[in-house]
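Novice:
In this note's numbering, the protein residues as written are 1207 to 1501.
(1) What's the C-alpha gap between residue 1173 and residue 1452?
(2) Would you mind sorting residue 1207 into buried or exposed? The rule is 16 or more other CB atoms within 10 Å of its CB.
(3) Classify residue 1262 as helix, strand or coil using the three-state DSSP reduction.
(4) Any idea what DSSP makes of residue 1267, helix, strand or coil?
(5) Where DSSP assigns a beta bridge to residue 1239, which residues make up the other side?
(6) If we ignore side chains and look at the alpha-carbon of each, how far apart do residue 1479 and residue 1260 end up?
(7) Under the rule that 16 or more other beta-carbon atoms within 10 Å means buried, what is residue 1399, buried or exposed?
(8) In the DSSP assignment, what are the bridge partners of residue 1369?
(9) Do the region 1240-1251 and the region 1333-1350 meet, that is, are 3 or more Cβ pairs less than 8 angstroms apart?
(10) Could you check what DSSP says for residue 1325 in three-state terms: helix, strand or coil?
(11) Can you check which of these residues, 1307, 1322, 1476, is closest to residue 1314 by C-alpha distance?
(12) Could you give the residue range of the alpha helix (DSSP H) that holds residue 1351?
(13) My output table needs one value for residue 1406: the three-state DSSP class, helix, strand or coil.
(14) Check whether the Cβ atoms of residue 1474 and residue 1325 lie closer than 7 angstroms to each other.
(15) Is it buried or exposed, residue 1226, if we count other Cβ atoms within 10 angstroms and call 16 or more buried?
(16) Going by the CB atoms, is the gap between residue 1393 and residue 1420 shorter than 7 angstroms?
(17) Output needed for residue 1220: all residues of its chain with C-beta closer than 7 angstroms, excluding positions within five of it in sequence on either side, in chain order.
Pasting the structure below:
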């Protein structure tokens, strides 16, 4: 049987997130540019979501860095033609005043994705892979983030700076939270690939620093439609990570959120369907957090 957790899976399409009569749906906009890296010896696209009202004001905003940025906004770029539709999620939450206006920086992946999103090497069906996670982290913090801070009005400090990804993107988000707590205070680990290198992240978790707000989730059908939940290695790994983080002092429902998404598969559609939940856990208004937290 599924365990009981403190996150309520409230769908974005539910009445709780419906606009009131006469309440307008505000829209942000997206800018793109190319970013080069000396650390990784490559370049990639960057897509930046600017919230409604950004151009008309002078205010400063929280910022969320998201991996696999090419999968976030545009069906022509997204894997399988299915984006997360991040802009639609943000437009609705901001219009409802459930979420403060914020920027999302979508960092595109490259052909070296498996190398960049892992910090140890591992033999896979494609050969020896992985190990460039430290260089990718330096690219983000030393090369990309200064450009974002120069170009856009963003708030400084870990409480205003988040990182989020899925699959291997969730794994590298774990790494960034582990090694850069002074930079990232909101860590989103959606369907993290905790199997990498025989579950090395589960050992590293015993050294996880305090003081962040962590989101962790997994779909119950990730890894196989016929697997029982209590025998699904992906579920068992995420439960184990949650337990280790709790032993490190994290409190579920306060600075740690965990969700097992019943029936969810390992793909962009499902991640986009629940993206609003970590966003609200990170920065949502008190009323919005009550919608997603049990008790």
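The beta carbon of each residue, even a glycine, is placed where N, CA and C say it ideally should be.
Specialist: So, from the listed chains and residues:
(1) The structure shown does not extend to residue 1173, since the chain is modelled only from 1207 to 1501, so the question has no answer here.
(2) On the chain shown, position 1 is the one that residue 1207 refers to. Bear in mind that the predicted position of residue 1207 carries a pLDDT of just 35, short of 50, making it too unreliable to give a figure here.
(3) Start at 1 with the first residue of the chain shown, and residue 1262 comes out as number 56. DSSP places residue 1262 in the coil class of the three-state scheme, outside both helix and strand.
(4) Within the chain shown, residue 1267 is the residue found at index 61, counting from 1. Residue state, collapsed to three classes: strand.
(5) Working through the chain shown from its first residue, we reach residue 1239 at position 33. Beta-bridge pairing by DSSP links residue 1239 to 1252.
(6) To locate residue 1479, count along the chain shown from 1; it is residue 273. To locate residue 1260, count along the chain shown from 1; it is residue 54. Rounded to whole angstroms, residue 1479 and residue 1260 show a C-alpha spacing of 25 angstroms.
(7) Numbered from its first residue, the chain shown carries residue 1399 at position 193. Flag for residue 1399 reads buried.
(8) Position 163 of the chain shown, counting from 1, holds the residue named residue 1369. Note: residue 1369 sits in a beta bridge opposite 1271, 1393.
(9) Contact between the region 1240-1251 and the region 1333-1350 is present, because at least three Cβ pairs lie under 8 angstroms.
(10) In the chain shown, the residue the question calls residue 1325 occupies position 119. In this structure, residue 1325 counts as coil in the three-state DSSP scheme.
(11) Sequence index remark: in the chain shown, residue 1314 carries index 108 (1-based). Residue 1314 has its Cα closest to that of 1322, out of 1307, 1322, 1476.
(12) What you label residue 1351 is simply residue 145 of the chain shown in a count that begins at 1. First-last of the alpha helix (DSSP H) with residue 1351: 1351-1357.
(13) Along the chain shown, one-based indexing puts residue 1406 at 200. Reduced to three states, the DSSP call for residue 1406 is helix.
(14) Here residue 1474 refers to the residue found at position 268 when the chain shown is read from its first residue. Here residue 1325 refers to the residue found at position 119 when the chain shown is read from its first residue. Not a contact, by the Cβ cut-off of 7 angstroms.
(15) Your numbering for residue 1226 matches position 20 in the chain shown. Within 10 angstroms of the beta-carbon of residue 1226 lie fewer than 16 other beta-carbons, which makes it exposed.
(16) Translated into the one-based positions of the chain shown, residue 1420 becomes position 214. Translated into the one-based positions of the chain shown, residue 1393 becomes position 187. The answer is yes: Cβ separation under 7 angstroms.
(17) Against the chain shown, residue 1220 aligns to sequence position 14. Excluding sequence positions up to five before and after residue 1220, its CB lies less than 7 angstroms from no other CB in the same chain.
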